[in-house]
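Right, one structure below, let's go through it.
There are 2 protein chains.
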Amino acid sequence: MRNKYSAIYHDIADKIVHRIYPVGSYLPSETQLSQLYGTSRETIRKALSELLINGFIQKIRGKGSIVLNLQRFNFPVSGITSYKELNRSLNMHSKTEVLCIEDRHVPVEKFDYQTTEALPATYVARLRKIDQDPIVLDRDYILKSVVPHISHAVAADSLYDYFENKLGLTISYATKTITVEHPSVEEKKWLALNEYEDVVVIRSRTYLEDTTLFQFTESIHRPDKFNFVDFARRQKIS
Amino acid sequence: MRNKYSAIYHDIADKIVHRIYPVGSYLPSETQLSQLYGTSRETIRKALSELLINGFIQKIRGKGSIVLNLQRFNFPVSGITSYKELNRSLNMHSKTEVLCIEDRHVPVEKFDYQTTEALPATYVARLRKIDQDPIVLDRDYILKSVVPHISHAVAADSLYDYFENKLGLTISYATKTITVEHPSVEEKKWLALNEYEDVVVIRSRTYLEDTTLFQFTESIHRPDKFNFVDFARRQKIS
DNA sequence: TAGTGGTCTAGACCACGAT
DNA sequence: TCGTGGTCTAGACCACTAT
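Protein chains in written order, with full-length UniProt numbering: chain A, 1 to 238; chain B, 1 to 238.
Structure representation (structure tokens):
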């Protein structure tokens with residue numbers, strides 16, 4: 001929020017959410033906005049391009065920037081968002097149950113990660129419930145080389161909050177894959193699955209700002225509760 | 001390619017792909033690059049931020065831009081990419097079989113689209129096969145108000161190619177949802193599914209540059225063949 | 001013709017990392 | 001201290017849309 005352009009981004013996003021700029025209307029022009037906020041046009045453009053990327057607006061050359069009808073929920077798949085943040089922002093009434101914390105090596109084959117060395121990690125298994133229904137089984141492997149120890153209290157609250165606000169780590173990007181698989185006996189049990197039901201598995205590797213790999217995550221979703229919403233822009237393959 | 005910054009983007013991306021800038025190495029600094037390409041630093045920065053978004057590099061303040069180990073395939077889910085483009089870029093040996101072309105109204109409830117009016121469209125059902133195996137069943141509804149007619153030849157080749165290069169439409173963005181569902185009898189038949197197997201369904205609404213909605217698509221994926229790869233950057237919910 | 005967004009420039013100052 | 005990327009400016013020219 002300390003940058004001009006992100007302050008402007010949040011201000012405009014807020015006005016779109018609160019219908020001060022209604023869906024289908026045009027924002028003030030870039031030159032008008034630069035006068036409004038007392039800044040240069042390039043700075044306004046930086047804010048607008050963030051709004052564009054996040055699906056708030058569509059820019060039309062020669063006409064202006066039009067407000068889109070967005071109903072994105074940004075489920076965890078589409079970005080890197082912690083479960084706690086999601087819970088808060090969507091007003092879900094969910095609970096997290098910590099099933100297990102112990103030291104384990106990362107099962108690298110599962111994550112399609114090629115290495116010859118063993119990766120010591122803290123293994124955390126957690127079950128996410130909404131209204132008593134089990135929805136997601138999360139299994140995290142956090143590398144010991146980056147985070148030596150994780151307490152039960154931290155796992156019950158939020159790993160990301162701990163990493164970012166207590167340890168000062170900056171989480172930057174992740175690669176993830178989504179597949180449909182047959183559940184293990186254990187998964188069947190925790191997620192209360194019927195016979196023959198498949199599960200959706202999201203596996204990701206998460207990296208810090210300095211490109212250090214520090215976390216492997218496996219999220220097992222109940223098929224009937226899985227719903228991933230995305231906003232995408234066209235980009236030709238070249 | 002006619003802009004400086006996208007020319008520079010492609011040039012650097014190419015050099016990364018061909019290991020002229022190897023994984024783990026630093027790119028020349030922004031000032032060096034601006035001298036190299038004979039341009040201003042802001043233009044270089046625009047090219048670099050594209051590389052950042054697409055997962056080619058990671059910028060580290062005070063140090064430089066480091067080349068990432070990317071193995072993204074960008075399956076259709078993560079962006080808006082036509083099947084033909086994918087096929088070409090991944091060297092898959094796939095075939096498309098046109099099952100049906102006819103006039104239908106869009107089943108708007110399925111797409112969670114609220115409207116009271118009927119939407120006349122051309123319905124196109126196509127089956128995608130790789131090595132004789134049916135992988136995806138695509139059902140498209142293309143609004144008559146934007147594209148009055150679609151021929152069998154076009155459907156067999158590429159709708160996107162036709163829209164963009166023949167009709168001059170500019171496809172801009174889409175909203176999509178991914179769910180797991182029980183297949184219909186028809187879907188079971190076309191995708192040669194075993195008893196009890198679920199399918200992955202991707203439903204999207206696609207828009208033009210001027211925010212005109214013009215296409216609804218339903219893609220039914222065989223669960224064992226579904227694999228979605230993504231690259232995501234951290235963005236806190238605020 | 002006037003207004004819009006798209007590109008590009010040359011320069012400035014700052015925050016951060018390495019030395 | 002020096003070099004890196006991050007932010008910001010004031011201005012320029014272009015392509016497109018509307019009238």
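All residues carry an ideal CB built from backbone N, CA and C; glycine is no exception.
In terms of beta-carbon proximity, PHE111/B stays away from the interface with chain A, with every pair separated by 8 Å or more. For LEU99/B against ARG128/B, the beta-carbon gap comes to about 11 Å, at or over 8 Å, which does not count as contact. If you draw a straight line from the Cα of GLU30/B to the Cα of ARG61/B, it is about 12 Å long.
When rounded, the separation of the alpha-carbon atoms in VAL200/A and LYS4/B is 43 Å.
In chain order, SER172, TYR173 and LEU213 place their CB closer than 6 Å to the CB of TYR207/A, counting only its own chain and leaving out the 5 sequence neighbours on each side.
Following the DSSP letters along the chain, one finds GLN215/A inside the beta strand (DSSP E) bounded by residues 213-221.
Identification of residues in the stretch 131-156 of chain B having a C-beta nearer than 7 Å to some C-beta of chain A yields an empty set. Between THR122/B and LYS144/B, the gap from beta carbon to beta carbon is short of 8 Å. Annotation: ASP210/B is outside any beta strand (DSSP E) and is labelled neither H nor E by DSSP. Residue pairing from DSSP places ILE57/B in a beta bridge opposite VAL67/B. The stretch 162-170 of chain B makes no contact with the stretch 183-202 of chain B; the number of CB pairs closer than 8 Å stays below 3.
Flagged as an interface residue toward chain B: ASP210/A, by a C-beta distance shorter than 8 Å. Within 8 Å of the CB of ASN227/A, the CB atoms of chain B belong to THR177, ILE178 and THR179, in sequence order along the chain.
Contact annotation: in the stretch 188-207 of chain A, residues whose CB is within less than 7 Å of a CB in chain B are TYR196, ASP198 and VAL200. Distance between GLU181/B and LYS225/B, taken at the CA atoms: about 15 Å. The C-beta of SER29/A comes no closer than 8 Å to any C-beta of chain B. Taking the Cα of ILE16/A as reference, the smallest distance to any Cα among GLN32/A, VAL67/A and SER49/A is reached at VAL67/A. Residue state for PHE226/A is assigned as coil, using DSSP reduced to three classes. Per the DSSP secondary-structure output, ALA125/B pairs in a beta bridge with CYS100/B and ARG139/B. GLU50/B is not a Cβ neighbour of TYR21/B, given a cutoff of 8 Å. In the three-state reduction of the DSSP assignment, VAL23/B falls in the coil class, being assigned neither a helical nor a strand state. Counting every other CB atom within 10 Å of its CB across the protein chains shown gives GLY38/A a total below 16, marking it as exposed.
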